[in-house]
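Here the sequence shown stands for residues 111 to 516, where the numbers follow our numbering. From the three backbone atoms N, C-alpha and C, an ideal C-beta is built for every residue, glycine too. Working notes, structure below.
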Amino acid sequence: MTNRLYYTEPFCRRFDATVTRAFDHEGRPAVTLDRTAFYPSSGGQPFDTGRLGGTDVVETVDGGDDVIHVLVMPLESGAAVTGEIDWTRRFDHMQQHTGQHILSGAFETLFDNLTVGFHMGGDVSTIDLARGPSPAEIERAVDESNRIVWEDRPVAIRFVSKAEAASLSLRKEPAREGTLRLIDISGFDLCACGGTHVDRTGAIGLIAVQSVEKMRGGSRLTFVCGSRALRALRTYRDVVAGSVRALSVLPTELPAAIERLQEESRELRKQLKGLQEKLAEDKGARLAAAAPEVGGVRLVVEALDGWDVAGLKALAAAAVASARACVVLVCPEQRRGVTAGQPVSLVVACSPDVPVDANVVLQQLTHRFGGRGGGKPGLAQGGGLTAPAHEVASAAWTLIETMLAL
Ligand SMILES: [Zn+2]
Numbered sequence: 111m112t113n114r115l116y117y118t119e120p121f122c123r124r125f126d127a128t129v130t131r132a133f134d135h136e137g138r139p140a141v142t143l144d145r146t147a148f149y150p151s152s153g154g155q156p157f158d159t160g161r162l163g164g165t166d167v168v169e170t171v172d173g174g175d176d177v178i179h180v181l182v183m184p185l186e187s188g189a190a191v192t193g194e195i196d197w198t199r200r201f202d203h204m205q206q207h208t209g210q211h212i213l214s215g216a217f218e219t220l221f222d223n224l225t226v227g228f229h230m231g232g233d234v235s236t237i238d239l240a241r242g243p244s245p246a247e248i249e250r251a252v253d254e255s256n257r258i259v260w261e262d263r264p265v266a267i268r269f270v271s272k273a274e275a276a277s278l279s280l281r282k283e284p285a286r287e288g289t290l291r292l293i294d295i296s297g298f299d300l301c302a303c304g305g306t307h308v309d310r311t312g313a314i315g316l317i318a319v320q321s322v323e324k325m326r327g328g329s330r331l332t333f334v335c336g337s338r339a340l341r342a343l344r345t346y347r348d349v350v351a352g353s354v355r356a357l358s359v360l361p362t363e364l365p366a367a368i369e370r371l372q373e374e375s376r377e378l379r380k381q382l383k384g385l386q387e388k389l390a391e392d393k394g395a396r397l398a399a400a401a402p403e404v405g406g407v408r409l410v411v412e413a414l415d416g417w418d419v420a421g422l423k424a425l426a427a428a429a430v431a432s433a434r435a436c437v438v439l440v441c442p443e444q445r446r447g448v449t450a451g452q453p454v455s456l457v458v459a460c461s462p463d464v465p466v467d468a469n470v471v472l473q474q475l476t477h478r479f480g481g482r483g484g485g486k487p488g489l490a491q492g493g494g495l496t497a498p499a500h501e502v503a504s505a506a507w508t509l510i511e512t513m514l515a516l
């Protein structure tokens, strides 16, 4: 059974121990020790890493009676070793975990809102609250939490029996039997917990809630403490500085400035759409007016650059609306970086009283040049035809001419 030094000495970062067992843990070398300061993942707090007997501890796992140290290089059973935990990582965990106790304590004390879950991630931590707090409640709980931090209250570790614990008012009902380890934040919060904590609340520095989201029945609060709060502040500073530079406004004016830009962009898109429609209408009518007549039908066959299929459709629709016409518009497909040999798209449109089926024309062209597409007798579109636009156009001309001659 490993003597877990972190239970009584959470600030112990360097220790001597003996390897009690050397083995393989899920394909990686691992050892147990007679005593350890390495904390294994549990209670929402992630594991410690560090050095042990000249190799790296990459993961620490709670193996029930023993703590399993997963290593890079194997160690021998019986070896005397020195362990040193990565203190930056561990101290960060202690700041977040103690901060969590205070934040949870504040929600319970002020609003009788219980914490039902806790998770510490690599960048942020979360607590799950039984009820969704209002924004004002969150601010009050955060203010109260930071008051406790700045009063620099002692954080003590106490061991009591389950019977003794029953007479104390613990924040949450302990699940385990036997001796309980309590974390006592002087005069504020008492909670059964096996995690590591700072010894005075001042070491947490700052507790900040970043966001809240609704969850089944309650809500999830994302928060940062200590060095993570400073890191978050730096990130926000850089993001805000970049945004105010781009928009030439003060930080407090950012939301309004972004809304204004979105409104302008919506208005411009609307105007652009109107202009494109007008342009297609004019150009379509001009194409029909300038086209030669074959058997009393204006035959518009053009290879065009710089139009997309939606534009071609608008153009073709305008042409067949302005005259008794058959229209075939071909354009190279827009592909970034491709200049030659790209497939072509086309639109075929026919006025209702013209004896040509646009879909039939399209099918014959895709049959000959490849690609695919479909439509109705009045309007059909296709793409992926592998021939130069002018070749497709000239084939379309011959085809429709023949159909009109019948
Ligand atoms: Zn805890």
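Ligand 1 has a heavy atom closer than 7 Å to the beta-carbon of His207.
Every beta strand (DSSP E) stretch that sits fully inside the region 286–340 and reaches 3 residues is listed by chain position as 290–295, 299–302, 317–325 and 328–335. Between the region 218–234 and the region 324–344, the count of Cβ pairs shorter than 8 Å is three or higher; the stretches touch. DSSP places Asn223 outside both helix and strand once states are collapsed to three, so it counts as coil. Of the candidates Gly227, Leu290 and Gln205, the residue whose Cα lies closest to the Cα of Val265 is Gln205. Taking all protein chains shown into account, Ile368 has fewer than 16 neighbouring C-beta atoms within 10 Å of its C-beta and is therefore exposed. As a beta-bridge residue in DSSP terms, Glu412 pairs with Leu439.
Thr130 and Asp309 have their alpha carbons spaced roughly 31 Å apart. Contact annotation: the region 172–184 does not touch the region 209–222, with fewer than three C-beta pairs closer than 8 Å. Distance from the CA of Pro184 to the CA of Ser235, rounded to the nearest whole angstrom, comes to 33 Å.
Burial check for Arg355: the Cβ neighbour count within 10 Å stays below 16, so the residue is exposed. Inclusion of Cys301 in the 7 Å shell around ligand 1 follows from its C-beta lying nearer than that to a non-hydrogen atom of the ligand. Per DSSP, reduced to three states, the secondary structure at Asp176 is strand.
In its own chain, leaving out the 5 sequence neighbours on each side, no residue places its CB closer than 7 Å to the CB of Glu274.
Distance check between Thr311 and each of Ser151, Val410, Leu213 and Thr165 places Leu213 closest, using alpha-carbon atoms only. Counting along the chain, no alpha helix (DSSP H) covers Val454; the unbroken beta strand (DSSP E) around it starts and ends at Val454 to Cys460. Within the model, the alpha-carbon separation for Pro487 versus Val430 is close to 13 Å. For His211, the shortest separation between its Cβ and any heavy atom of ligand 1 lies below 7 Å. Cβ-Cβ separation between Thr508 and Leu495: approximately 16 Å, too far for a contact (criterion under 8 Å). Cβ-Cβ separation between Ile195 and Asp158: approximately 5 Å, consistent with a contact (criterion under 8 Å). In this structure, Asp415 lies near Pro442, with their beta-carbon atoms less than 8 Å apart. A distance below 8 Å separates the beta carbons of Ala401 and Ala435. Taking all protein chains in view, the Cβ of Arg138 is surrounded by fewer than 16 other Cβ atoms within 10 Å, so the residue is classified as exposed. Under DSSP, Ser152 shares a beta bridge with Gln155. DSSP places Leu360 outside any beta strand (DSSP E), giving it a letter other than H or E.
Taking all protein chains in view, the Cβ of Tyr116 is crowded by 16 or more other Cβ atoms within 10 Å, so the residue is classified as buried.
Between Val168 and Val252, the C-beta spacing is not below 8 Å. Residue pairing by DSSP places Ser235 opposite Met230 and Phe333 in a beta bridge. For Pro264, the secondary structure class from DSSP, reduced to helix, strand or coil, is strand. Under the three-state reduction of DSSP, Pro139 is assigned to strand.
With a contact defined as Cβ atoms closer than 8 Å, Ala503 and Val464 miss out at about 18 Å. Setting aside the 5 residues that flank it on each side, Ser151 is surrounded in the same chain by Phe157, each with a C-beta closer than 6 Å to its C-beta; the list follows chain order. Between ligand 1 and the CB of Gly153, the shortest heavy atom gap is smaller than 7 Å. The C-beta distance from Ala515 to Gly405 rounds to 7 Å, short enough to meet the 8 Å contact threshold. Inter-residue distance for Ile510 and Val471 is about 7 Å (C-alpha atoms, whole angstroms).
At least one heavy atom of ligand 1 is found less than 7 Å from the C-beta of Ile293.
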